[in-house]
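Beneath this line is the structure, given in structure tokens, with notes to follow.
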Amino acid sequence: MSIIEVSHLTKFYGKSRGIVDVSFNVEEGEIFGFIGPNGAGKSTTIRLLLSLIHPTSGMGKVFGLDVTKHGPEIRRSIGYLPSEVFYYEGMKVIDLLKYSASFYEGNFTERIKYLSELMELEMNRRISDLSYGNKKKVGIVQGLLHSPKLLFLDEPTSGLDPLMQRKFFDLIREENKRGVTVFFSSHILGEVQRLCNRVGIIREGSMVEISDIRSLQQNNYKKISVTANGLTPEFFDTPGVTNVQTENGSVNFFFKGDINAMVQKVSNLKLEDVNIEEPTLEEIFMHYYE
Amino acid sequence: MNIFLRELKANLKSLLIWSFIIVLLILIAVSKFSAFAGDPEMLKILDSMPPAVMDAMNMNAFNLTTLTGFYGIMFLYFGLMGAFAAAMWGSDIISKEERDKTVEFSLVLPVSRSRVVTAKALAALVNCVVFVLITWGFSVVAVQSYNPDQAFYDFLALEMQAMFMMELIFLAIGLMLGCALKKYKSSGSTATGIILATYFMSVIAGMNDKYEFLKHFTPFYYYDAGEIFRSGQLNTTYLAISFAIVVVALITAYTVYNKRDLYI
Amino acid sequence: MNKMIFQHEFLIRIKSVITWSLSVSALLFVFFSFFSVFAVQAEMMQQMLEKFPKELLIAFGMNEMNYDTVLGYISFYFLFIQLLLAIQAGNYGFGLVSIEETEMTADFLLTRPVSRAKILTSKLMAALASMLLTDVVMWISMFTAISIFSEGKEYDLSTLLLLLFSVILFQLFFFSVGLMVSLLVKRVRSVTPYSLGLAFGAYVLSAFSGVFGDVKLEYITPFKHFEPTYIVNNGALNTPLVLINVAITVIALVAGYWLYLHRDIHAVS
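Take a look at the structure:
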């Protein structure tokens, strides 16, 4: 049983499209990245799975249960970190955490203490007095305190300083080692690349790619940079080569094809330097937008 | 003055709704008047009612059977509606920046806070003026079938000026509350509370001599329709007090808004 | 019902409840303190009115004025109490769920493992408890005021109780209609204009009722359903009107539930 099962999920807001015929699965123990440009439908998908909005058609299942029918039951084991965090202004941090904890079964005092200390959260301040980043920290603790089995992270690190970001990711990795599944949506592709096993790319309401990161990188192209005396871009005018650029005496380009042929070709030169790299997720991602 | 124009547009819907309501009110009231019009029996009954009751219902000064008299009683509703509308416009137009979180846009423009307040206040003022004009105009139209005389038109004119003064006072108070209160949520309800309190004060002041001193504190008494009818003009002392209230409220509004932290 | 949500909701309204309770009580006391003045004048008026043909008096609704009795006097000013209670109920109704969306805390509350039905029920119960608290304070004030100001005059207890308990249903109407309307509108940015509009609108409808002849607008306004003069003069509630009132309240509540359960909660950003 997949932890998340999305099948032909569609949402229209009146006439405007939210998402159309989206399908994907997330397996237990995975860290699944969910990326796409603004307005692609990331929030819509997450909100559908959390039962905040209702699908026009299609089906979403979490823990094998239909999200439209078993919302409350599903949410017992879900932690949600929204991108924009808003809480009851009049409350103190500790009050809000206790209020949130009261919805789940069990005693979470120790866990709250552990997490708040880790994230350096001041318990007795009023929510209204907190900066954006500190409110995010409250969001993190609130989302994790009941040890959920599935985490929805939506732009979780925006607003956090670099040290906190690192602590946060360590926390997530630790949870994942214990078997927690993570659904991670972010614009910071470096983070997604570092953390996730598989990635789903959504664009204009439809899924354009679902695969694991390694395959994505391998099936894409290589970034090659060759530095040699008297080298001209025309030398690389062969099939499979794109995006040729000259920079400080080196010729850089993307290559997709039989790597042997390219290595042969390059070895014919008197090289000063050569670099063959895999593209970053960012470059792959941008590539989808050309 | 683009702020002014933008606010005019943004508040148009509210103006239309309030105008619609008052037009409806006038229609219903004038239809009801037909039951009273010129009926001598009715007159006798009214004469025999206890003065205290009449005061509470604000009917003491008026001959309900004449158009002028009827409109005198209607003034209470006009005044109340004008007060609520003006107070809501005044307080809302300021506090909505914090409520809708647009502070970081609107108050970071290369305009001083005072300019912003002025532009908004003027837009709200335009709403108040238009509201009075609509009330006035529609009243004239609605009563045509009763052949009103010049005395009625004069009285109506006075009433409308009084309504405008009421609006002015509560507009200023609304603006002040919106500017001064840190908790933007409270300005609307505080304004409502003040209006209700001053209204009940006027009722009580009229009912019982013991509480007559209260009348000095409530605008509903400054512009009591009965007094206006009797004297044929607006009381200059009360006009002065009204302007004083408006000035004080506005000064407070500007001063506090310029100094205080804006809630994000 | 979820106890935590109930507690949370109730505590948020405590300050409001105290303010309303005090205001209503203060108003009640002040009005009642004029009883003696009215009583004297009322006797004079009664004598005058007796000289008029009954039909004429009924036409103008003036056949039932007896301000020298305790209940008669209460029926005269009870309208103002009802007005305040209507505004309070409207505030709670319009704001019940709309506030979560305006303050953007809906994302937090609705992603807890609680069903929307339970959330709504808990909020509802808390609001009802708040209104009931104000009503109880009002009742106590009423009896206190009577003991101080009524000059020992007799009155029918059961009728008074009927009048006092009627405010519960009265408030429920404004509360549930407010709730339903707030769910029909896309966004309720400020509760005050809505609840004032509803309360005053209902009042105007009753004050000017009977104008359009057969179109009995008065059937839909609680100020007519629970008109104090009627209750006092008949010693009973106006059953058909009360049934209409309850029907509207129930329909509005059911609609409210349905609307809330099916509502899309949109992203903040």
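Chains as they are written, first to last, in our numbering: chain Z, 1 to 290; chain A, 1001 to 1264; chain G, 2001 to 2269. Every residue, glycine too, gets a C-beta built ideally from N, C-alpha and C. Quick caveat: nothing in here was measured; it's all calculated off a predicted structure.
If you draw a straight line from the C-alpha of Phe2212 (chain G) to the C-alpha of Val1030 (chain A), how long is it? Residue numbering aside, residue 2212 (chain G) sits at position 212 when the third sequence is read from its first letter. Residue numbering aside, residue 1030 (chain A) sits at position 30 when the second sequence is read from its first letter. Low confidence applies here, because Phe2212 (chain G) scores a pLDDT of 47, under 50, leaving its location unreliable and the question unanswered by this model.
Minimum Cβ-Cβ distance from Tyr221 (chain Z) to chain G less than 7 Å: On the first sequence, residue 221 (chain Z) is found 221 positions in, with the first residue counted as 1. No, because no Cβ of chain G sits closer than 7 Å to the Cβ of Tyr221 (chain Z).
Does the CB of Val2232 (chain G) have a neighbour CB from chain A at under 7 Å? By 1-based counting over the third sequence, the position of residue 2232 (chain G) is 232. Among the CB atoms of chain A, none fall inside 7 Å of the CB of Val2232 (chain G).
Segment limits, beta strand (DSSP E) that includes Lys223 (chain Z): Residue numbering aside, residue 223 (chain Z) sits at position 223 when the first sequence is read from its first letter. Note, Lys223 (chain Z): beta strand (DSSP E), Lys222 to Ala228.
Across the stretch 1250-1262 of chain A and the stretch 2098-2117 of chain G, are there enough close Cβ pairs to call them in contact, namely three or more that are closer than 8 Å? No, the stretch 1250-1262 of chain A is not in contact with the stretch 2098-2117 of chain G.
Less than 6 Å between C-beta atoms, sequence neighbours within five positions excluded: which residues of the same chain meet that for Leu2179 (chain G)? Locating residue 2179 (chain G) in the third sequence gives position 179, counting from the first residue. Around Leu2179 (chain G): Gly2093, Leu2096 and Gly2256.
At 9 Å on the CB atoms, spell out the chain A contacts of Ser2190 (chain G), in chain order. Sequence index remark: in the third sequence, residue 2190 (chain G) carries index 190 (1-based). At a beta-carbon threshold of 9 Å, the residues of chain A lying near Ser2190 (chain G) are Met1088, Asp1092, Ser1095, Lys1096, Arg1099, Lys1185 and Gly1188, ordered along the chain.
Does Ser2115 (chain G) come within less than 7 Å of chain Z when only Cβ atoms are used? The residue given as residue 2115 (chain G) occupies position 115 in the third sequence. Ser2115 (chain G) counts as touching chain Z.
When the distance is taken between beta carbons, is Pro55 (chain Z) closer than 7 Å to Lys11 (chain Z)? Sequence index remark: in the first sequence, residue 11 (chain Z) carries index 11 (1-based). Sequence index remark: in the first sequence, residue 55 (chain Z) carries index 55 (1-based). Yes; because the gap between Cβ atoms is below 7 Å, this pair is in contact.
On the DSSP bridge assignment, give the partners of Met59 (chain Z) in chain order. For the purposes of this step, residue 59 (chain Z) is identified with residue 59 of the first sequence, where counting begins at 1. Beta-bridge pairing links Met59 (chain Z) to Z:Ser7.
Residue-chain proximity (Glu84 (chain Z), chain G), Cβ-Cβ < 7 Å: Your numbering for residue 84 (chain Z) matches position 84 in the first sequence. Yes, its Cβ sits closer than 7 Å to a Cβ of chain G.
Ile2236 (chain G): buried (16+ other C-beta within 10 angstroms of its C-beta) or exposed? As a working mapping, residue 2236 (chain G) is identified with position 236 in the third sequence. For the sequence presented, residue 2236 (chain G) should be read as Ala rather than Ile. Here Ala2236 (chain G) is exposed: its Cβ has fewer than 16 other Cβ atoms, across all protein chains shown, within 10 Å.
Could one say the Cβ of Val2211 (chain G) lies closer than 7 Å to chain A's Cβ atoms, at least one of them? If you number the third sequence from 1, residue 2211 (chain G) lands on position 211. Caution is warranted here: a pLDDT of 49 is assigned to Val2211 (chain G), below 50, making its placement in the model unreliable, and the coordinate value is therefore given only provisionally. Output row for Val2211 (chain G): interface = yes.
Please name the residue or residues paired with Met207 (chain Z) in a DSSP beta bridge. Here residue 207 (chain Z) refers to the residue found at position 207 of the first sequence. Note: Met207 (chain Z) sits in a beta bridge opposite Z:Ile202.
With three or more beta-carbon pairs closer than 8 Å as the criterion, would you say the stretch 1138-1149 of chain A touches the stretch 1204-1220 of chain A? Between the stretch 1138-1149 of chain A and the stretch 1204-1220 of chain A there are fewer than three C-beta pairs closer than 8 Å, too few to call the two in contact.
Quick check: is the beta carbon of Thr1255 (chain A) nearer than 7 Å to any beta carbon in chain G? As a working mapping, residue 1255 (chain A) is identified with position 255 in the second sequence. Thr1255 (chain A) does not count as touching chain G.
In its own chain, which residues sit with a C-beta less than 6 Å from the C-beta of Ser185 (chain Z), not counting the 5 before and 5 after it? Numbered from its first residue, the first sequence carries residue 185 (chain Z) at position 185. Sequence-distant partners of Ser185 (chain Z) (beyond 5 residues in either direction) whose C-beta falls short of 6 Å from its own C-beta, in its chain, are Phe34, Lys42 and Asp154.
Beta-carbon proximity check, Ser1265 (chain A) vs Ser1014 (chain A), cutoff 7 Å: Since the first residue of chain A shown is 1001 and the last is 1264, residue 1265 (chain A) is not available in this structure.
For chain Z, find out if any of its Cβ atoms is closer than 7 Å to the Cβ of Leu2011 (chain G); answer yes or no. Here residue 2011 (chain G) corresponds to residue number 11 of the third sequence, with the count starting at 1. Not one beta carbon of chain Z lies nearer than 7 Å to the beta carbon of Leu2011 (chain G).
Using a Cβ cut-off of 9 Å, pull out every chain Z residue sitting near Val2268 (chain G), in sequence order please. For the purposes of this step, residue 2268 (chain G) is identified with residue 268 of the third sequence, where counting begins at 1. Within 9 Å Cβ-Cβ: Pro82, Ser83, Glu84 and Phe86.
What did DSSP end up calling Lys92 (chain Z) once you bin it into helix, strand or coil? Residue 92 (chain Z) sits at position 92 when you count from the first residue of the first sequence. Judged by DSSP in its simplified three-state form, Lys92 (chain Z) adopts strand.
Quick check: the Cα distance between Pro2113 (chain G) and Val244 (chain Z), rounded to an integer number of angstroms? By 1-based counting over the third sequence, the position of residue 2113 (chain G) is 113. By 1-based counting over the first sequence, the position of residue 244 (chain Z) is 244. If you take the alpha carbons of Pro2113 (chain G) and Val244 (chain Z), they lie about 54 Å apart.
Going along chain G, which residues have a C-beta under 7 Å from Phe1084 (chain A)? In the second sequence, residue 1084 (chain A) corresponds to position 84, counting from 1. Residues of chain G with a Cβ closer than 7 Å to the Cβ of Phe1084 (chain A) are, in chain order, Leu2196.
Neighbouring residues, chain A, relative to Val2204 (chain G) (Cβ below 7 Å): Your numbering for residue 2204 (chain G) matches position 204 in the third sequence. What Val2204 (chain G) touches in chain A: Leu1025.
DSSP has Ser16 (chain Z) in a bridge; who is on the other side? Within the first sequence, the letter at position 16 stands for residue 16 (chain Z). Partner(s): Z:Tyr13.
Inter-residue Cα distance where the pair is Phe1200 (chain A) and Thr1192 (chain A): Mapped onto the second sequence, residue 1200 (chain A) falls at position 200. Mapped onto the second sequence, residue 1192 (chain A) falls at position 192. Cα atoms of Phe1200 (chain A) and Thr1192 (chain A): separation of roughly 12 Å, rounded to the nearest angstrom.
Reducing DSSP to helix, strand and coil, say where Glu2009 (chain G) ends up. As a position in the third sequence, residue 2009 (chain G) is number 9, starting the count at 1. In the structure shown, Glu2009 (chain G) sits in a helix (DSSP, three-state: H, G or I).
Members of the stretch 2012-2023 of chain G near chain Z, C-beta cut-off 9 Å: For the stretch 2012-2023 of chain G, the set of residues with a beta-carbon nearer than 9 Å to any beta-carbon of chain Z comprises Ile2012, in chain order.
Using a Cβ-Cβ cutoff of less than 8 Å, which residues in the same chain neighbour Gly200 (chain Z) once the five nearest sequence positions on both sides are dropped? Your numbering for residue 200 (chain Z) matches position 200 in the first sequence. Same-chain partners within the cutoff: Phe24, Phe32, Gly33, Phe34, Ile35, Met207, Glu209 and Ile210.
Between the Cα of Ser2033 (chain G) and the Cα atoms of G:Ala2145, G:Lys2153, G:Phe2076 and G:Asn2002, which residue gives the shortest distance? Taking the first residue of the third sequence as position 1, residue 2033 (chain G) is located at position 33. Looking at the Cα atoms, G:Ala2145 is the closest of the given residues.
Can you find the residues in the same chain that come closer than 6 Å, C-beta to C-beta, to Ser225 (chain Z), ignoring five residues on each side of it along the sequence? If you number the first sequence from 1, residue 225 (chain Z) lands on position 225. Only Ser250, Asn252 and Asn275 meet the Cβ criterion.
Counting only beta-carbon separations shorter than 7 Å, does Met2180 (chain G) have a partner in chain Z? In the third sequence, residue 2180 (chain G) corresponds to position 180, counting from 1. With 7 Å as the cut-off, Met2180 (chain G) does not count as an interface residue toward chain Z.
By the DSSP assignment, the alpha helix (DSSP H) with Tyr1221 (chain A) in it spans what residues? Residue 1221 (chain A) sits at position 221 when you count from the first residue of the second sequence. From DSSP, the alpha helix (DSSP H) with Tyr1221 (chain A) extends over Pro1219 to Tyr1222.
Use the C-beta contact count for His2262 (chain G): other C-beta atoms within 10 angstroms, 16 or more gives buried, fewer gives exposed. Here the question's residue 2262 (chain G) lines up with position 262 in the third sequence. His2262 (chain G) counts as exposed, since fewer than 16 other beta carbons sit within 10 angstroms of its beta carbon.
What's the call for Leu1067 (chain A), buried or exposed, on a 16-neighbour Cβ count within 10 Å? By 1-based counting over the second sequence, the position of residue 1067 (chain A) is 67. So Leu1067 (chain A) counts as buried.
Going by C-alpha distance, which of G:Ser2021, G:Met2001 and G:Gly2072 is nearest Thr2229 (chain G)? Counted from its first residue, the third sequence places residue 2229 (chain G) at position 229. For the residues G:Ser2021, G:Met2001 and G:Gly2072, the minimum Cα distance to Thr2229 (chain G) belongs to G:Gly2072.
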